[in-house]
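S.K.: Residues in the sequence shown are numbered consecutively from 73, following the working numbering. One structure coming up, written as structure tokens, with questions to follow.
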Amino acid sequence: MVTSRRLAFMALLEKFRATPVLVPLGSRSPGAEGGFLTADMNGIRFILAFSDQQALARYAQAQGMFHSEWSYQTVLGARLLDVAVPAAGVPCGVALDCADGAEGLVLPPVKGIVPDEAAIDLYTEG
């Protein structure tokens with residue numbers, strides 16, 4: 073059971089890495105001016121990414137900002153994980169389609185998902 077879940081997650085991760093996603097600009101996290109839209113949770117910053125314009129619109133609606141203009145960049149998932157996450161300077165992951173509940177995908181800053189130098193579990197082992 074665990075092995076099949078791990079394989080399913082790894083398949084999702086590889087699909088995310090190979091897929092261009094929409095990343096809104098203009099961070100709304102305290103202390104994180106400009107750049108990509110992020111949200112902080114339990115000391116970890118998450119870059120918010122969306123699979124398409126409809127997913128971004130659902131997020132905007134959930135935030136009560138449906139009628140606001142949203143600037144975004146299209147970024148390859150691998151580039152978010154390999155470049156943007158380490159550049160954040162704080163523990164950082166990626167949240168894909170965060171307004172979609174269980175249909176969304178959370179990619180925490182752990183080994184196997186982000187580069188080792190940005191992984192928080194690197195420091196908690198042994």
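Every residue gets a Cβ at the ideal spot worked out from N, C-alpha and C, and that includes glycine.
How big is the Cα-Cα spacing for G165 and L152?
M.R.: Computed Cα separation, rounded: 9 Å.
S.K.: Under the three-state reduction of DSSP, which class applies to D169: helix, strand or coil?
M.R.: It is coil, neither helix nor strand.
S.K.: Between V186 and V147, which are expected to be in contact by the criterion C-beta below 8 Å, what is the C-beta distance as a whole number of angstroms?
M.R.: With 8 Å as the limit, V186 and V147 do not qualify as a contact, their Cβ atoms being about 15 Å apart.
S.K.: Here's the rule: buried if 16 or more other CB atoms are within 10 angstroms of the residue's CB, otherwise exposed. What is S140?
M.R.: Counting Cβ neighbours within 10 Å, S140 comes out exposed, since fewer than 16 surround it.
S.K.: Measure the C-alpha to C-alpha separation of A156 and G107 and round it to an integer number of angstroms.
M.R.: Whole-angstrom Cα-Cα distance: 10 Å.
S.K.: Take the Cβ of R78 as the centre, count every other Cβ of all protein chains shown within 10 Å, and call the residue buried at 16 or more, exposed below.
M.R.: By the 10 Å Cβ count, R78 comes out exposed.
S.K.: Can you give me the C-alpha to C-alpha distance between V93 and D172, rounded to a whole angstrom?
M.R.: One C-alpha to the other measures close to 15 Å.
S.K.: Between the Cα of D124 and those of M82, L179, C170, spot the shortest distance and give me the residue it belongs to.
M.R.: Out of M82, L179, C170, C170 has the C-alpha closest to the C-alpha of D124.
S.K.: Quick one: grab the DSSP three-state call for D154.
M.R.: In this structure, D154 counts as helix in the three-state DSSP scheme.
S.K.: Using CA atoms only, rank isn't needed, just tell me which of A159, I192, G184, Y144 is closest to E86.
M.R.: Selected option, being the one with the closest Cα: G184.
S.K.: Please report how far the alpha carbon of A160 lies from the alpha carbon of V74, in whole angstroms.
M.R.: Cα to Cα, the separation comes out at about 31 Å.
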